[in-house]
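Protein chains in written order, with this note's numbering: chain A, 1 to 205; chain B, 1001 to 1205. Even for Gly, the Cβ is constructed at its ideal location relative to N, Cα and C. Down below is the structure, laid out as structure tokens.
Protein chains: 2
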Amino acid sequence: MKKPTRQRLIEAARELFLSKGYEASSVADVLARAEVNSGSLYYFFKTKEQLLLAVLDEYVDLLEPMVLRPAFERVSDPLDRVFAVLAGYRQMLVMSDCRLGCPIGNLALEMSEKSEVVREKIALNFRNWRKAIRQCLVDARDRLPPDLDRHKLAAFILTVMEGGVMQARVHRSLEPFDASVATLKDYMDRLVEQGTTRPIQQANS
Amino acid sequence: MKKPTRQRLIEAARELFLSKGYEASSVADVLARAEVNSGSLYYFFKTKEQLLLAVLDEYVDLLEPMVLRPAFERVSDPLDRVFAVLAGYRQMLVMSDCRLGCPIGNLALEMSEKSEVVREKIALNFRNWRKAIRQCLVDARDRLPPDLDRHKLAAFILTVMEGGVMQARVHRSLEPFDASVATLKDYMDRLVEQGTTRPIQQANS
DNA sequence: GTCTATAACTCGATAGAC
DNA sequence: GTCTATCGAGTTATAGAC
């Protein structure tokens, strides 16, 4: 059975915005892909931008089932989970021959100056992503330096993912992504080593 | 005196593509900003895409005088120079209230799938950037681990810059950029420490 | 090399019947 | 809620005089 019209529109827009960006995807493209007529789209969404906002709302909802859960089901160690999440983005690069990257990062650079409300929704997506990663760092706090700033490190991990994906797409090669993730791994191994070999740990410090 | 028409067109396009992106900048916008008429633009450039390619060629030429030289003039230590380059991008964020980021990264995500020749020019810009950073790492090789993969680390540094700039623009805040650069600094300090404290260094190793 | 005028088309969005 | 027809503006690009 066909999904409801509104949902079909959001999915079509999501796919198009991911592969071609927002400006380059015309309303007509969305209509064709969703097999919906113009009148119906504008019944559900006042403007094309409202459709984008609905897509970004959906990404907020999809973080858990599409990004976190699949990664967390594969491994249970909190630090491994961080890299399992990153491996998920690698998988997207592999499957698309390095053509598709992070859907949010995509829209981030394109839309940040064009619409405040869109920018704020993208920021929300980033905040939720970092929060999930930060929780992994909290769960692994016994192996990490006690004075570690987990907010900073979570932002850094998102930075590495987005920067690695960007270079992979530009070079159509996994190499820069893998190099970036491997270097992050080296850094975090050093943090753990420091956490492990430091003198007797004090309670409540 | 007014600059030659062709140069005015490239500069106008450069500014517009930086602040609004390629698709969102119309040819009419470029013409107005450059104070040139349609006929002249199409005398120099066969299409809008050819104009973009000329802009990307100019960025290749501008890497040395606009990005590297100003940073390298301020400091001479090769590792400090890496962070001086990053500070240059921070300055761009500061001056634009976190609205303008890396011009190449901007176009990278927007244009990579739309045109192979554009993607290749963007890749060239990235390669040259990494090469300059790699030279800094070569110049500092005595303080870095002997088995360090400088290609990987240079890619990582570009990753950190691009990812940090992206988050800064989305959140309209320097915080994620500063957090990312500070974490990179921490990592590289650890590499130097390892290089410094490692046992008596063997020659030709 | 530069000018004006405009072709040929696509864009987002709307009207109004059903 | 969905359909078709279409508006008006904006798009890239061209023609042809100067």
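Which class does residue i belong to by DSSP, given the choice of helix, strand or coil?
i: Tyr1022/B; result: coil
i: Ser76/A; result: coil
i: Ala13/A; result: helix
i: Glu36/A; result: In the sequence as presented, Glu is not what sits at residue 36/A; that position holds Val. The answer is coil: DSSP assigns Val36/A none of H, G, I, E or B.
i: Leu68/A; result: helix
i: Gly1101/B; result: coil
i: Pro1146/B; result: coil
i: Pro176/A; result: helix
i: Gln202/A; result: Residue placement at Gln202/A is poorly supported in this model, since its pLDDT is 49, which falls under 50; the coordinates still yield a value, given next. Note: Gln202/A maps to coil in three-state DSSP.
i: Glu1113/B; result: coil
i: Lys185/A; result: helix
i: Thr1047/B; result: coil
i: Ala140/A; result: coil
i: Lys131/A; result: helix
i: Lys1121/B; result: helix
i: Lys2/A; result: coil
Using alpha carbons as the reference points, say which of the options lies closest to residue i.
i: Lys1114/B; options: Arg1143/B, Val1030/B and Glu1049/B; result: Glu1049/B
i: Met166/A; options: Cys98/A, Leu144/A and Ser26/A; result: Cys98/A
i: Ser76/A; options: Lys152/A, Gln135/A and Asp29/A; result: Gln135/A
i: Val1030/B; options: Leu1009/B, Ser1040/B and Phe1045/B; result: Leu1009/B
i: Trp1129/B; options: Leu1079/B, Leu1062/B, Arg1033/B and Leu1148/B; result: Leu1062/B
i: Thr5/A; options: Glu116/A, Asn37/A, Lys185/A and Glu15/A; result: Asn37/A
i: Val1170/B; options: Glu193/A, Pro65/A, Ala123/A and Thr197/A; result: Ala123/A
i: Phe1177/B; options: Met1092/B, Lys1121/B, Ile1133/B and Glu1116/B; result: Met1092/B
i: Ala1012/B; options: Arg1033/B, Ala1028/B and Lys1046/B; result: Arg1033/B
i: Glu1116/B; options: Pro70/A, Arg172/A and Val27/A; result: Arg172/A
Considering only their Cβ atoms, is the gap separating residue j from residue i smaller than 8 Å?
i: Ala179/A; j: Lys1152/B; result: yes
i: Asn125/A; j: Ile104/A; result: yes
i: Leu18/A; j: Val118/A; result: no
i: Met161/A; j: Leu86/A; result: yes
i: Leu1207/B; j: Leu1191/B; result: Given that chain B is displayed from residue 1001 to residue 1205, the structure contains no residue 1207/B and the question cannot be resolved.
i: Tyr22/A; j: Met111/A; result: yes
i: Arg127/A; j: Glu58/A; result: no
i: Gly163/A; j: Gly1163/B; result: yes
i: Leu1109/B; j: Leu41/A; result: no
i: Arg143/A; j: Thr196/A; result: yes
i: Leu1016/B; j: Lys1121/B; result: no
i: Val1060/B; j: Gly1088/B; result: no
i: Arg90/A; j: Leu174/A; result: yes
Are the C-beta of residue i and some C-beta of chain B separated by less than 8 Å?
i: Glu15/A; result: no
i: Met131/A; result: Reading off the sequence shown, one finds Lys at residue 131/A, where the question assumed Met. Answer no: the Cβ-Cβ gap between Lys131/A and chain B never drops below 8 Å.
i: Phe156/A; result: yes
i: Arg169/A; result: yes
i: Arg141/A; result: no
i: Ser26/A; result: no
i: Ser205/A; result: Unreliable placement is indicated for Ser205/A, whose pLDDT of 40 sits below 50; the coordinate value is still reported in the next sentence. Not an interface residue.
i: Leu153/A; result: yes
i: Pro176/A; result: yes
i: Phe126/A; result: yes
i: Ala12/A; result: no
i: Tyr187/A; result: yes
i: Ser19/A; result: yes
For chain A, is any of its Cβ atoms less than 8 Å away from the one on residue i?
i: Lys1114/B; result: yes
i: Arg1119/B; result: yes
i: Thr1159/B; result: yes
i: Met1166/B; result: yes
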